[in-house]
Every structure is written in structure tokens, then in C-alpha cells.
Amino acid sequence: MIYVTSALRWLIGLPLAALALLSITLMAMVLPIKVYNRPGRALLRGLVWLFGGRVRVEGLEHVDPAQGYLFMSNHVSLFDIPVLGGYIPNLARGLQAAEQFNWPIVGWFLRAIGNIPISRENARASWASMQRAAQIIKNGTSVIILPEGTRTRTGGLSEFKKMPFHFAKMADVPVVPIGLSGLYRFKNCGSWLVRPGLIKVRFGRPIPVEQIADCKVDELRLLVRERISEMIETP
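The opening position of the sequence shown corresponds to residue 106 in the numbering used here, with each subsequent residue numbered one higher.
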């Protein structure tokens with residue numbers, strides 16, 4: 106039965122997802138971010154609902170929507186993007202794998218909303234992307250990074266890359282750890298099946314700038330990984 110219902114969800118959901126992403130793309134082309142951000146977030150939340158996701162958000166009291174942050178989350182599923190984009194309350198843009206910007210419709214959407222491509226192979230290009238992200242933060246917009254760099258194959262945390270934490274020390278804003286649970290069962294990278302259910306988004310307490318400055322890169326990497334590990338529920 107799961108094969109039939111998953112096929113139906115993709116059959117119905119993909120055209121509607123494309124329509125939603127194109128709608129946000131068009132809004133982003135003609136409207137300021139503060140104007141299209143709210144309806145854009147609503148459309149992303151609608152996509153998750155359409156595929157059967159019920160989202161529970163915890164820890165929002167730790168986040169000031171008017172403050173700029175560096176959000177760091179575990180990387181679980183293709184649906185990480187609409188979940189984070191739909192439920193982070195701040196104006197935020199993401200650092201994402203450069204190849205995703207070549208996908209039809211998705212790539213147009215990512216460029217239009219101002220997300221930043223980051224190369225997995227070219228360290229110099231990656232650093233240039235980090236500098237661009239730092240400028241975005243200086244202008245008051247938060248940035249989202251998934252420090253594992255690729256989706257989990259097991260449902261647990263993979264090793265975190267070092268580059269995001271060099272950036273965290275440069276960005277001069279608090280780091281907010283986010284733990285995503287339920288997405289591995291919902292839709293993982295090893296299967297096309299979609300299993301409707303509960304998705305939890307947990308916001309941790311921000312790590313203050315002073316503490317970030319006192320940490321070495323590896324210490325900060327381990328600290329953020331530990332904070333996220335405490336918030337997620339592994340399959």
C-alpha cells in the first residue's frame with residue numbers, strides 16, 4: 106500500500122510543488138524579501154503538509170525573529186529545505202550544494218530567493234561563497250548551513266565539515282543549533298517512498314558570539330554537533 110500512496114503523493118505533489126516554487130520565484134523577482142517572505146514560508150509549509158508531514162516546532166522561545174543568526178541543522182532529507190525554510194521565523198538564506206542550482210525549477214527558485222551555491226570540491230570557491238554569506242549576515246539576514254554537507258545514510262549524524270565553523274567564527278553572530286527528527290522515516294535519500302508522519306523541528310539555545318570567539322574551530326564543531334545530537338531522535 107505504501108508504494109501506491111507514495112506514487113500518488115509524487116504524482117499530485119510534484120506539479121503542485123513546481124507551481125509553489127515558481128510562485129515564490131516570481132514573488133522574489135518583483136518584491137522585497139520582507140514582503141514575500143511570509144507568503145513564501147506559507148507555501149513551503151504547504152508543500153510539507155501536501156506530502157503528509159505534520160510539523161511540531163519546539164524551542165522558538167530561544168529565537169528572536171528580528172535578530173541575525175547562523176542556523177545550523179542536521180541534514181536528513183530532500184524535505185529539509187521546505188521544512189527549514191517554512192519554519193525558521195527569521196529572514197534567512199541558505200548555503201547549498203552548487204549542483205542543486207542546476208536543477209530545473211529548483212535552481213531558479215534558489216537563485217531568485219538569494220540562496221548561495223557552495224562547491225563541495227573547490228575550496229577557493231567555497232570560501233568565496235562564505236564571504237558572500239558573511240555580507241548577507243552583515244545586512245541583517247540570517248544564514249542556514251547544514252554542516253554535514255550531505256544527507257545522512259543512516260538517520261544519525263555524520264561528521265561535520267570544518268569550513269562552516271571557520272565561517273561561524275568570521276560571521277560574528279550567534280549560532281542556533283536545530284535538530285530535525287522524523288524526516289528520515291518521512292523521506293530519506295535511499296528511497297522514493299514517502300511515509301506520512303510527525304516531523305519535529307527543535308531550536309536550541311543560541312551559542313553566543315563571545316563563546317564562539319573563545320572556541321577553536323574543532324571545539325566549536327564538536328560543541329554544535331553535541332547540541333544537535335541532544336535534540337534529534339534517531340530511527
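Just so you know, even glycine gets a beta-carbon here, dropped at the ideal spot from N, CA and C.
| task | Could you spell out the range, first to last residue, of the alpha helix (DSSP H) harbouring residue 144? | result | Run containing residue 144: 138 to 155, per the alpha helix (DSSP H) assignment.
| request: Within its chain, find whatever has a CB closer than 7 Å to the CB of residue 211; leave out the 5 residues flanking it on each side and keep chain order. | output: 126 and 205
| task | Express the C-alpha separation of residue 111 and residue 117 in angstroms, rounding to a whole number. | result | The alpha-carbon separation between residue 117 and residue 111 amounts to approximately 10 Å.
| message | On the criterion of 16 or more Cβ atoms from any shown chain inside 10 Å, does residue 108 qualify as buried, or is it exposed? | response | exposed
| Length of the line joining the Cα atoms of residue 260 and residue 186 | 17 Å
| message | Quick check on residue 237: does DSSP put it in helix, strand or coil? | response | Here residue 237 sits in helix by DSSP.
| query | To the nearest angstrom, how far is it from the Cα of residue 177 to the Cα of residue 325? | reply | 12 Å
| Per DSSP, cross-strand counterpart(s) of residue 163 | BP columns for residue 163 point to 307.
| query | Thinking just about the alpha-carbon of each residue, which of 154, 296, 165 and 173 is nearest to the one in residue 313? | reply | That would be 173, whose Cα lies nearest to the Cα of residue 313.
| request: Could you work out which residue in 298, 287, 163 and 311 is closest to residue 304 when comparing CA atoms only? | output: 287
| request: Would you decide whether residue 238 is buried or exposed? Buried here means 16 or more other CB atoms lie within 10 Å of its CB. | output: buried
| To the nearest angstrom, how far is it from the Cα of residue 132 to the Cα of residue 141? | 6 Å
| said: By the DSSP assignment, the alpha helix (DSSP H) with residue 268 in it spans what residues? | reply: 268 to 276
| task | Return helix, strand or coil for residue 132, following the three-state DSSP convention. | result | Helix.
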